[in-house]
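Numbering of the sequence shown is given in this note's numbering, commencing with residue -10 and proceeding in unit increments.
One structure is given below, encoded as structure tokens.
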Amino acid sequence: MSGRVIILGSLNVDVVTRVERLPRAGETLLGEPEGRLAGGKGGNQAMAARRAGASVVMLGLVGYDGDGAAYLARLQDAGIEVPLPAAHDVPTGTAYITLDEAGENTIVVAPGANAALSDAGLDAVDLRAEDVLLASLEVPLQVVENAVRRAKDAGARAFINMAPYAALSPDVIAMADAVIVNESEMRLLAESGLMPTSLVVTFGSAGARWDGAEVTGIPLDSGQVVDTAGAGDAFCGALAAALVDGEDQESALAAANRAGAEAVQWSGAQPDAHL
Ligand code: RIB
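Written out as structure tokens, the structure is:
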């Protein structure tokens, strides 16, 4: 049986506002609404892994509302298996994103249904040795920790994207096949004293490093960069898809770099993301 990419993570509606420049603390700016877009690190990673050709299972929760229904339909239309139904009595998670003219952003997340994900949700999938689990940290951390333990018990590979950064228990960090961080998360990880067995670090357009393997990124003109939101998620999803397909570290990094470079060239964290 061929392996699947199992994504554990958030499903958010991204409420995006374009501004000339990002606001300073205490400042009010006027901006242009971009709309309500499909986002969340989990959803973005699932869509990226699917675009890369993987069979994908998405373990995440939306609320029982219009946004949640639209998002579930979007994932299913893309061919992603979504075993968990919408959660009652909680809204779909919302990310408030401010996007400047250079494509840089600030993001504040109200987790909503993402916070309702529990260990019971992990029962929705039977992990197999050929699978690759990819978990990010906008869902309850103990669920991430238990998912990694279950993946390793099943003989599957498990990757933790430590975004947004949060400390996990040292045994879980050590048992993950690799931890994936950007430069600021790498600094926080180093300060924490946590010791991953293997580390993937992303450097934006400069490329990425996986322990001893380093792959240069794809240079882009500033005019090509429309929106950097979701670029790291595209990298992680494509990396997982390449690994489940049997690619080695260097070719998986190269595929992930290509996906990240592609993702900054469209508006939103996923292509055609309007809900
Ligand atoms: O990484 C980008 C994502 O972070 C956005 O889609 C937003 O929902 C937050 O989860």
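We treat Cβ as the ideally placed atom computed from N, Cα and C, and that holds for glycine.
Residue 233, DSSP secondary structure in three states: As a working mapping, residue 233 is identified with position 244 in the sequence shown. Three-state DSSP puts residue 233 in a helix.
Separation of residue 227 from residue 104, as counted between CA atoms: Taking the first residue of the sequence shown as 1, we reach residue 104 at position 115. Taking the first residue of the sequence shown as 1, we reach residue 227 at position 238. Taking the CA atoms as reference points, residue 104 sits about 25 Å from residue 227.
Residue 231 to residue 204 span [Cα, whole Å]: Mapped onto the sequence shown, residue 231 falls at position 242. Mapped onto the sequence shown, residue 204 falls at position 215. Distance between the alpha carbons of residue 231 and residue 204: 15 Å.
Beta-bridge pairing of residue 147 - partner residues as DSSP gives them: As a first step, residue 147 is located in the sequence shown; it is residue number 158 there, counting from the start. Beta bridge pairing from DSSP links residue 147 with 122.
Neighbourhood of residue 144 by C-beta distance below 7 Å, restricted to the same chain and skipping five residues each side: For the purposes of this step, residue 144 is taken as the residue at position 155 of the sequence shown. For residue 144, where only same-chain residues beyond five positions count, the Cβ hits under 7 Å are 118.
Buried versus exposed call for residue 9 [16 or more other C-beta atoms within 10 Å across all chains shown]: Here residue 9 corresponds to residue number 20 of the sequence shown, with the count starting at 1. Residue 9 should be labelled exposed.
Residue 96 CB to nearest heavy atom of the ligand RIB below 6 Å: Taking the first residue of the sequence shown as position 1, residue 96 is located at position 107. At least one heavy atom of the ligand RIB is nearer than 6 Å to the Cβ of residue 96, so yes.
Euclidean distance between Cα positions of residue 218 and residue 94: In the sequence shown, counting from the first residue as 1, residue 218 sits at position 229. In the sequence shown, counting from the first residue as 1, residue 94 sits at position 105. Answer to the nearest angstrom: the Cα atoms are 7 Å apart.
Expected contact under 8 Å - CB spacing of residue 5 and residue 29 to nearest Å: Within the sequence shown, residue 5 is the residue found at index 16, counting from 1. Within the sequence shown, residue 29 is the residue found at index 40, counting from 1. About 13 Å; that fails the 8 Å criterion.
Cβ-heavy atom distance, residue 1 to the ligand RIB, below 6 Å: Locating residue 1 in the sequence shown gives position 12, counting from the first residue. If you check the C-beta of residue 1 against the ligand RIB, you find a heavy atom less than 6 Å away.
Alpha-carbon spacing of residue -7 relative to residue 116, whole angstroms: For this step, residue -7 is matched to residue 4 along the sequence shown. For this step, residue 116 is matched to residue 127 along the sequence shown. So the two alpha carbons sit approximately 9 Å from each other.
Rounded C-alpha distance that separates residue 134 from residue 215: The residue labelled residue 134 in the question sits at position 145 within the sequence shown. The residue labelled residue 215 in the question sits at position 226 within the sequence shown. Going by the C-alpha atoms only, they are around 35 Å apart.
Coarse secondary structure for residue 47, derived from DSSP in three states: Taking the sequence shown and counting its residues from 1, one reaches residue 47 at position 58. Correct three-state label for residue 47: strand.
Residue 70 - DSSP class collapsed to helix/strand/coil: Position 81 of the sequence shown, counted from the start, is the residue given in the question as residue 70. Strand at residue 70.
Beta-carbon proximity check, residue 196 vs residue 246, cutoff 7 Å: To locate residue 196, count along the sequence shown from 1; it is residue 207. To locate residue 246, count along the sequence shown from 1; it is residue 257. Yes, they are a contact pair.
Span of the alpha helix (DSSP H), counted from its first residue to its last, around residue 159: One-based indexing of the sequence shown puts residue 159 at position 170. 159 to 164 is the span of the alpha helix (DSSP H), which, as asked, contains residue 159.
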